[in-house]
Each structure stands twice: as C-alpha cells, then as structure tokens.
Amino acid sequence: MKHLYLQALLSAALLWLAWPPIPYTAPLLWVAFVPLLLALESVMRGNYQKKGTKVFLLGGLTGVVWNTASIYWVFNAMNAVMPVYAAAFVALIPFGLAAFLMALAFRLYYQLRKRHSIGISLVGLVCFWIAYEYLHQTWDLAFPWMTLGNGFASTHQLVQWYEYTGVYGGTVWLWAVNCGVFLAILAAKDGFARSRRYALWGSTAALVALPSLWSIWRYATYEEHENPSNVVIVQPNVDPYGKFSFIAPEEQLENLIQLSKSVAQPNTEFFVWPETAIAHPPPGYDEGEFLGHPAFQQLQQFLSPYKNGNILSGIESYRLYNEQQTPTARPWGKDYLDVFNAAILIENSAKLQFYHKSKLVAGVEQFPFGGALAFMKPLFSAFGGTTGG
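Per the numbering used here: the sequence shown = residues 34 to 422.
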C-alpha cells in the first residue's frame, strides 16, 4: 500500500511544481494526475478491504499536499493579524476543505467505476470535478484560485482559447489529456494491441498539440485596436489593516488627491484609487447622503480642473432600510443596515454610480454560513468584522 501513497504524493508534487508562480512548469499539469489515477486503478483491481475508503484517502492526500504547498501564504497572511492557533484553524478551510471535495470526487468516481466501463467512469470523474470547482467558486467558502484551469496563468500563450470556454474549458482539457495518458499506459500494461496503444497516444498528443498551436498562433497574430486614454492609478504604500487605525480618513483622502495631482495631466480621464480608499469610521458613508458630505465636495473640487475627469475608487458604504430587505441586513436601531465593500464612480457632476462587490472573502468580508457558525463570530472579528453579514 505504501507505493500507492507514494504515487498520490507524486501527483501532489507535480501539481505543486506546475502551479503558479513557478514559471515554465504548467505543462506538467498534462500528466500530474496520472500517478494518482494509476494508484486508484490498482486499488480497484487489487485485493484490498474498504476500497472506497482507500480511494478517498489517496485522493485526499493528493489534495491536502497540493493545496497546502501552493497556498501556504494564506496562513502567513492570517497570522499577521491573528494568533498562530487562530490562523492555523482558519487556514484549514482552504487547505483541507478543497482537498475533502477533491477526495469526494474520486470517491464518486470509484462508485461509478464499480458499475460502468472505465471510459464512462472517467467522464463522470471530470463531471464530478467540474461540479466541485463550481461549488468552490460560488458558495460562502469560495476559494476559486485552485480551479485547475488557472494553472496556466503564467503560461497564457497556450490557452488563448479561454476567451471562448472560460477557465472551466482548461479544467476539462487538462483532465482529458491526463485521462488519455492514463488509458494509454493502462493499455500497455494490459497487453492491448499495438494499434490501440498508438491510437491512444496519437489522440492524446493531438489533444495537447492542436489547442496549443492554435493558441500560440492567436497570441502571435492578435492586434489590439488602440483607443488611448490618460489614466492615473494611485496605490499608497500603507498597511491594508493598519490604515483603519493609524490614518485618519481625511488624511488618507488628502494623500490620494495629492498623489493624483502629482502625475495628472489636463486630459486625464480616470483616477483609479484602491479598495476602501474613501474611508469612513464604521459603518461607512450613507450612499443616499454622500452627495452632501464634505468628502464629496472635496472630490468635486479636485476634479474641477480636469474636464473629462472621473474618479473610480473603493469606498466603505451602507444603506438603511425600514425593514430587512436583504439576508445580509443587520439591525441598526429601529432600522436595518447593509454594509458594503463597494466601488464608486464620481463624475465631474452630481451623478454617482455605486457597485457592490458580490464575491466576498470568507471571514474578512463575509461571515460564512452565519446561522450555523454563529459561535465563530469572535474569531472572525479579529479581521475587523465582515461586510457581508
């Protein structure tokens, strides 16, 4: 059984080596799952007890090692504002939860494999994996970075066709290639005819080459239609957590204005400022009253020399309701309050546009599964509370 765990670890190592930001290694993803698939096949064909449990453990081992090695920085980021024990506990969510869902996909593959051919079972595995990735991009504990198609982020020249399929197309592609290599190796081990083995290797090679070659051609021949615009982007070098405690909102706003003025030109069209750049003590700015706030008057005065100038900035904002109109609204005196991590577009007029961020970071901006996990609110408050309930 030891050699099977070593194969699972080999898959984890290949996935880690292929994952950004390590450069030039993304093609390893074409074969990264092959050692694990061979290990799972050995379990299914072998004389083992509790085969389903062993399949789950092998898949989970690959997932845990891959996730921990690739996103260890999550713990470091949390440890900057949390005690070690709290950071380690919260880091288990991205480290372990995704691995559990991966292992579940392999466990379902095993169930399918007991009843159907290997081809149908592999198609089912790809479907289970896509379902896991979709869930992990949309629920309260979303962590979409580990979506398999993201592995080519540093080698985008090979995946220009993502503009048609999205990142899920990359996931399907990588799984198809891995399954092709796996089936070709299996055909050789099982003594199938040479013609069948050649057909499997040839079709797998074509599956790699054709999309890659088209993508390289697309990348090399693409021409951007230029429509130049003068844009100023400002990013002050301040601690993203500390700025709320040691920099007054008025000082931060004035700093952004002065930095913008230092590089702006008369034809500047957009000033782009960072998240929560327009800050205010909790709960933030009332969106319905912002036009009358001194901060808005200061921003209008700043924009006045720039005829076509606009400010696109992050802002801490809220809305008040007479009744609970949304699931995230919380009691606020006799009313209900919705707090937003928002963006605002300020024109050279009294027109305002607000955009409310919908994909919120679990724990920092959103309290996940607030009803079931209410006992953990003190832990998440170490980040300064959440904006999504």
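All C-beta atoms, glycine included, are put in the ideal place defined by N, C-alpha and C.
The Cβ atoms of Arg352 and Glu308 do not sit closer than 8 Å to each other.
The beta carbon of Gly85 lies closer than 8 Å to those of Arg140, Tyr143 and Gln144 in the same chain, with the five residues before and after it left out.
Judged by beta-carbon spacing, Phe215 lies beyond the 8 Å limit of Leu37, meaning their Cβ atoms are not closer than that value. With 16 or more other Cβ atoms inside 10 Å of its own Cβ, Thr180 counts as buried. Linking Ser44 to Pro282 through their CA atoms gives a straight-line distance of about 49 Å.
Within the stretch 234-284, the complete beta strand (DSSP E) segments at least 3 residues long are 264-266, listed from N- to C-terminus. For Glu74, the enclosing alpha helix (DSSP H) starts and ends at Val67 to Arg78.
In the same chain as Trp206, and ignoring 5 residues on each side of it, the C-beta atoms closer than 7 Å to its own belong to Pro244, in chain order.
The beta carbons of Asn343 and Phe303 sit closer together than 8 Å. Counting only the Cα atoms, Lys87 lies some 45 Å from Ala362.
Taking 8 Å as the cut-off, the Cβ atoms of Ile290 and Val67 do not count as close. Less than 8 Å divides the Cβ of Thr188 from the Cβ of Ala59. The closest CA to that of Met111, considering only Ala124, Thr101, Asp173 and Tyr201, is found on Ala124.
DSSP, reduced to helix, strand and coil, places Ala297 outside both helices and strands of the structure shown, so it counts as coil. If you draw a straight line from the Cα of Tyr165 to the Cα of Val200, it is about 14 Å long. For Trp208, the secondary structure class from DSSP, reduced to helix, strand or coil, is helix. If only complete runs of 4 or more residues are kept, the stretch 90-158 shows the alpha helix (DSSP H) at 106-112, 117-125 and 131-146, in order along the chain. Excluding five sequence positions before and after Ala138, the CB atoms of its chain that fall closer than 8 Å to its own CB belong to Gly92, Leu158, Phe161, Trp162, Ala164 and Tyr165, given in chain order. For Gln386, the three-state secondary structure derived from DSSP is strand. For the pair Thr95 and Gly182, the Cα-to-Cα distance works out to about 17 Å.
CA-CA distance, Met115 to Asn109, rounds to 10 Å. DSSP, reduced to helix, strand and coil, places Gly224 outside both helices and strands of the structure shown, so it counts as coil.
The continuous stretches of alpha helix (DSSP H) do not include Trp365, which lies in the beta strand (DSSP E) extending over residues Arg363 to Trp365. Under the three-state reduction of DSSP, Asn341 is assigned to coil, being neither helix nor strand. Listed in chain order, the non-local C-beta contacts of Leu62 below 6 Å within the same chain comprise Ala51, Gly184 and Leu207, local neighbours out to five positions each way being set aside. Look at Tyr354 here: in three-state DSSP terms it is strand.
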